[in-house]
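Data block below; observations after.
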Amino acid sequence: MEIKLNDSTIVKTEGNQAEIISDGKYKLTIFLDKDKVTAKYSDVVLTIEFSKFDIEKLARKIFSI
Numbered sequence: 002m003e004i005k006l007n008d009s010t011i012v013k014t015e016g017n018q019a020e021i022i023s024d025g026k027y028k029l030t031i032f033l034d035k036d037k038v039t040a041k042y043s044d045v046v047l048t049i050e051f052s053k054f055d056i057e058k059l060a061r062k063i064f065s066i
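For the sequence shown, our numbering assigns the number 2 to the initial residue and increments by one for each residue that follows.
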């Protein structure tokens, strides 16, 4: 599935993966697993493990990268 958020940002989802592409060159990839989320941007990888899903807390951690 592909969603155009605005003129420069597209979100592509497939299974447990989402790609956020901005200006056609910046790409953030997010992988959702049963007990962790992994976010990749360029050469930076952030993995967050959790036992209870808290979307607000998770979004703040991912935004920090």
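The beta carbon of each residue, even a glycine, is placed where N, CA and C say it ideally should be.
One or two residues paired with residue i in a DSSP bridge
i	result
PHE32	GLN18, THR39
LYS13	GLU3, GLU20
LEU47	ALA40
For residue i, three-class secondary structure by DSSP
i	result
LYS53	coil
Rounded straight-line distance, which links the Cα of residue j to that of residue i
i	j	result
ALA40	ILE21	11 Å
GLU15	ILE4	12 Å
LEU29	PHE64	10 Å
ILE11	LYS26	11 Å
ILE49	VAL38	5 Å
LYS35	LYS53	10 Å
ALA60	LEU6	17 Å
Contact set for residue i: own chain, Cβ-Cβ below 7 Å, skip 5 residues either direction
i	result
ASP24	SER9
VAL46	THR39
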